[in-house]
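The opening residue of the sequence shown carries number 3 in this note's numbering; numbering runs sequentially from there.
Virtual Cβ for every residue (Gly too), placed ideally from N, Cα, C.
A quick note: this is a predicted structure, and the numbers were derived from the prediction, not measured.
Following: one structure in structure tokens, then a few remarks.
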Amino acid sequence: MSEFKIKDEHIKLGQVLKAAGLADSGLEAKIVIQEGEVTVDGEIETRRGRKLFGGETVSFQGEEIHIIK
């Protein structure tokens, strides 16, 4: 599991996938999220605008990212 440190109060799910290199573009992030391929804390998340504040774990294609503040 890798860690991703957010600089602001929160970050959107689609931004995390792109910034962490799990999606090549914002469009790809949007598609994989809408298709239900991404989970946040073990729950399927289909909103790319889902705000993450720290403490969550994002999973996609066997990769896990722990969001830290």
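The C-beta distance from F55 to E11 rounds to 7 Å, short enough to meet the 8 Å contact threshold.
Excluding residues up to 5 positions away in sequence, G38 lie with their Cβ nearer than 7 Å to the Cβ of I46 in the same chain. It is roughly 20 Å from the alpha-carbon of K53 to the alpha-carbon of Q63. Here H68 is bridged, per DSSP, to E5, T59.
Following the DSSP letters along the chain, one finds T41 inside the beta strand (DSSP E) bounded by residues 40-42.
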